[in-house]
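Protein chains: 2
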Amino acid sequence: MKALSMNAVYGLRALMYIAAQREQEGYVSIRKISEDLDISFHFLTKILQTLTQHHILHSQRGPAGGVALDKAPEQVTLLEMLYILEGEGYFSGCFMGLPGCGEQQPCPVHDFWRQITLTMKEKFSHTTLAELSDKVRSGEVRLVSCT
Amino acid sequence: MKALSMNAVYGLRALMYIAAQREQEGYVSIRKISEDLDISFHFLTKILQTLTQHHILHSQRGPAGGVALDKAPEQVTLLEMLYILEGEGYFSGCFMGLPGCGEQQPCPVHDFWRQITLTMKEKFSHTTLAELSDKVRSGEVRLVSCT
DNA sequence: TTAATAAAAGATTAAATACTCTTAAATCTT
DNA sequence: AAGATTTAAGAGTATTTAATCTTTTATTAA
Chain A
1 MKALSMNAVY
11 GLRALMYIAA
21 QREQEGYVSI
31 RKISEDLDIS
41 FHFLTKILQT
51 LTQHHILHSQ
61 RGPAGGVALD
71 KAPEQVTLLE
81 MLYILEGEGY
91 FSGCFMGLPG
101 CGEQQPCPVH
111 DFWRQITLTM
121 KEKFSHTTLA
131 ELSDKVRSGE
141 VRLVSCT
Chain B
148 MKALSMNAVY
158 GLRALMYIAA
168 QREQEGYVSI
178 RKISEDLDIS
188 FHFLTKILQT
198 LTQHHILHSQ
208 RGPAGGVALD
218 KAPEQVTLLE
228 MLYILEGEGY
238 FSGCFMGLPG
248 CGEQQPCPVH
258 DFWRQITLTM
268 KEKFSHTTLA
278 ELSDKVRSGE
288 VRLVSCT
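Residue numbers (this note's numbering), protein chains in the order written: chain A, 1 to 147; chain B, 148 to 294.
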């Protein structure tokens, strides 16, 4: 099951990276993020651009420029990030891809799948970027593969 | 969230279609299935071919040939079908796509996601093709969009 | 004010997935 | 045995997603 697109994977990883070093004042350059996380610079630029447009990040051009969080990481939920990175319809859609699946004409696993997605939405709406980045700082989570 | 590939969607739909008419003796032609379900004939042929190779279906060439279930639909689970149509690793894989996610180095939602996939596996291992096709027969599920 | 730095934006390329077409081989009917 | 029907197999095309390259614009520091 492909839960997330590369877009979302890279976006989340970058956000955790940025939030993990919120001690440091100033901006983090996209170039540095892309090198540290081993993500294509240009691809990452686009992803962070949409996060900037959605006011998760703030950007600054010129020397010493880069990106920084636009709000406190405690205020940013995983659900919010997913909606931006994957689209609003991320938790909609029939599991089986059956035509016209809905309350009137549910697919065989309609109710079961709705329960699953509800559980996920509930969990992710209470999971903040702060929590995620804390796990990075504590070393519980690694953002790059060890070579 | 894209739960299933078109491969799996078409495969499941065809299996439900075939199982729903298990009264009729003999084989159902792939041409007819593709027309009734509005799926590309050649594409469907390939999908059913792999189901035949995995002994879910049995095939017969020549006039009055086609495909038929190779075992009782009560013996075929949704989990089994998913593994064939999507691959054995369908329920593996890190939700966040984080490198080296596992028990030693779990991603931030590792345990949560594992619980979700376990719930799904449990449910799908007790959901049989017979149940699914019964819902088609009762009209609870529609296999094609109404025009 | 000039050079360096860095994001923004859009065009282009590459890879994966979804789908189609062609040919071959098997099987049945007459 | 001949011809029609149907699956089998693989090559080929199209679309989508992922990644890269190029140019432009803003900003800062010397």
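From the three backbone atoms N, C-alpha and C, an ideal C-beta is built for every residue, glycine too. All figures in this text were calculated on a predicted structure; none of them were measured in a lab.
Check this for me: beta carbons of LEU198(B) and GLY158(B), under 8 Å apart or not? For the 8 Å CB-CB criterion, LEU198(B) and GLY158(B) form a contact.
When DSSP labels each residue in this structure, what does SER280(B) get in the three-state scheme? helix
Going by alpha carbons, who is nearest to LEU195(B) out of SER176(B), ALA150(B), THR266(B)? Among SER176(B), ALA150(B), THR266(B), the Cα nearest to that of LEU195(B) belongs to SER176(B).
Who are ALA215(B)'s beta bridge partners in DSSP? Answer is HIS205(B), bridged to ALA215(B).
Three-state secondary structure (DSSP) of THR50(A): helix
I want to verify the contact list: residues of chain B whose CB lies under 7 Å from the CB of TYR90(A), in sequence order. Within chain B, the residues placing a beta-carbon under 7 Å from that of TYR90(A) are MET148, ordered along the chain.
Proximity below 8 Å, CB of THR264(B) to CB of THR224(B): no
Can the beta-carbon of PHE95(A) be found closer than 8 Å to that of LEU151(B)? yes
Measure from the C-beta of GLY100(A) to each C-beta in chain B and report whether the shortest distance is under 8 Å. Closer than 8 Å: yes.
Same chain, Cβ closer than 6 Å to CYS107(A), five either side skipped, listed in chain order: CYS94, MET96, LEU98, CYS101
8 Å Cβ cutoff met for ALA8(A) and LEU57(A): no
Chain B contacts made by the stretch 7 to 19 of chain A, where a contact means CB separation under 9 Å: ALA8, VAL9, TYR10, LEU12, ARG13, MET16
Closest residue to ARG208(B) among HIS201(B), ARG169(B), THR192(B), SER187(B) (Cα-Cα distance): Its Cα nearest to that of ARG208(B), the residue THR192(B) stands out among HIS201(B), ARG169(B), THR192(B), SER187(B).
Going by DSSP in three states, THR274(B) sits in which element: helix, strand or coil? coil
Under 7 Å by beta carbon: chain A residues contacting GLN298(B): A query on residue 298(B) cannot be resolved here, the shown segment of chain B reaching from 148 to 294 and no further.
If the cut is a Cβ gap below 8 Å, which residues of chain B does ARG142(A) touch? In chain order: LEU245, PRO246, GLY247, GLN252.
List the residues of chain A that ILE263(B) touches, going by C-beta distances under 8 Å, in chain order. ILE116, THR119, MET120
Apart from the five residues just before and just after HIS201(B), which ones in its own chain have a Cβ nearer than 6 Å to its Cβ? ILE231
Start and end of the alpha helix (DSSP H) containing TYR17(A)? 6 to 20
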